[in-house]
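Asker: Handing you this structure, nothing more for now.
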Amino acid sequence: MKEKVKEMFASFVYALYKHGFFKNQIHVHSIDETINALIDTDNSLVRFGDGEITLISGIASVTQQGDEELAKRLRQVLTSNEDKLLIAIVDGFSGMEYMHKDSQNFWKKHFLKFQKDYRKYCSPERIYYNAFVSRCYYFMQDHSKCAEWFEKIKRIWKNKKVVIVEGEQTHNGVENNLFEGTAEIRRILCPSENAYEVYGQIMEACCRFGKENLFLLSVGATAKPLAYDLFRKGYRVIDIGNLDLEYEWYLEKVQTKKPLKKHKIIGIEENRQAGYAEYLQQVFCIIKK
């Protein structure tokens, strides 16, 4: 009953916001506009989802404990305005009709709880890019454009040398063709939780690569300051987050969230037993806490 009341109140407040009862409304580009801004350009992208906003407010996320230094860095990146560094946030301010019902309820409650943070750190004078570019299957009520989106996304790294910075259990592109067509893949494996504790080591490993490489980041909230710092050093960086998970769900046409077997595999011997020989060959280094 308590949860139902919360959902009703969140829906009421959201309806007021959507219809202009609050000043300083936030605007977000579409998924198509976001993908197009990355194809055939050297633009970089940083995404802010619910986890990052949670951390900014001082609350721990699923994979990262609260850290004031990290919160400060997240606020710095979210409010930055660098040419060719695209800042993406969740597209839900002008409507959520494109989401299925459970997702609408989740995001309405999220916006209710963190609306002050959005108003404080997001400017109504700019148009943000769409953080759902990497979550473009599960939240959607209509899946008719998903195939087109994923094929367009693959064009971003086609024929490019790619460095994937990811959690040790993530396995981006393993057992699927998400990165088919890349010229080369190297991987920096990081702790799956609280990766910010070894931020310096991750940055040092990244800087051992030349600037001809495209960095793809899938390392939680740590990806935000990492993307910003690498971008400032002259690298092209795209924060892909959970794109691989969404792609797997898309391929399997799942209707509810489903864990992936490869996310339970950790360690060199375990990966070898799983048949991930090519993945192991791509690993440049493994960073431990």
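The numbering used here numbers the first residue of the sequence shown as 87 and each following residue consecutively. Glycine is no exception: its CB is placed at the ideal position from the N, C-alpha and C atoms.
Do three or more CB pairs link the region 286 to 304 to the region 258 to 275 at distances below 8 angstroms?
Answerer: yes
Asker: Beta strand (DSSP E) containing D188: first to last residue?
Answerer: From DSSP, D188 is part of no beta strand (DSSP E) but of the alpha helix (DSSP H) over 187 to 207.
Asker: Apart from the five residues just before and just after S130, which ones in its own chain have a Cβ nearer than 6 angstroms to its Cβ?
Answerer: L171, F317, R322, V323
Asker: Do I121 and I213 count as a contact pair if the criterion is CB distance below 8 angstroms?
Answerer: The answer is no: Cβ separation not under 8 angstroms.
Asker: Determine contact between the region 250 to 260 and the region 222 to 239, defined as no fewer than three beta-carbon pairs at a distance below 8 angstroms.
Answerer: no
Asker: For I372, collect the residues of the same chain with a Cβ closer than 6 angstroms to its Cβ; drop the 5 residues on either side in sequence, then sort them by chain order.
Answerer: L275
Asker: I need the straight-line Cα distance from Q359 to G353, nearest angstrom please.
Answerer: 10 angstroms
Asker: Which whole-angstrom value describes the C-beta separation of S278 and N216, a residue pair presumed to lie in contact below a C-beta threshold of 8 angstroms?
Answerer: The C-beta distance from S278 to N216 rounds to 26 angstroms, too long to fall under 8 angstroms, and the pair is not in contact.
Asker: Take the Cβ of A363 as the centre, count every other Cβ of all protein chains shown within 10 Å, and call the residue buried at 16 or more, exposed below.
Answerer: exposed
Asker: In this structure, does DSSP put C222 in helix, strand or coil?
Answerer: If DSSP states are grouped into helix, strand and coil, C222 belongs with coil.
Asker: Give the DSSP bridge partners of S130, in chain order.
Answerer: L171
Asker: So V284 and K375 are supposed to be a Cβ contact under 8 angstroms. How far apart are they, rounded?
Answerer: 6 angstroms
Asker: Taking the alpha helix (DSSP H) that N357 belongs to, which residues open and close that run?
Answerer: In the DSSP assignment, N357 falls within the alpha helix (DSSP H) that extends over 354 to 359.
Asker: Measuring straight from C-alpha to C-alpha, what distance separates E334 and N262?
Answerer: 7 angstroms
Asker: Run through the region 309 to 370 for me and flag every whole beta strand (DSSP E) of 3 or more residues, listed as ranges in chain order.
Answerer: 322 to 325
Asker: For the ligand SAM, I want to know if F179 counts as a neighbour, meaning its beta carbon is within less than 7 angstroms of at least one of the ligand's heavy atoms.
Answerer: Among the components modelled here there is no ligand, and therefore nothing to report on the ligand SAM.
Asker: Out of G144, I139, M185, Q341, point me to the one whose CA is closest to T165's CA.
Answerer: I139
Asker: Is DSSP giving N245 helix, strand or coil here?
Answerer: coil
Asker: Pick helix, strand or coil for S143, following the three-state DSSP scheme.
Answerer: coil
Asker: In terms of residue numbering, what span does the beta strand (DSSP E) encompassing I112 cover?
Answerer: Segment: none, I112 is in no beta strand (DSSP E) and carries neither H nor E.
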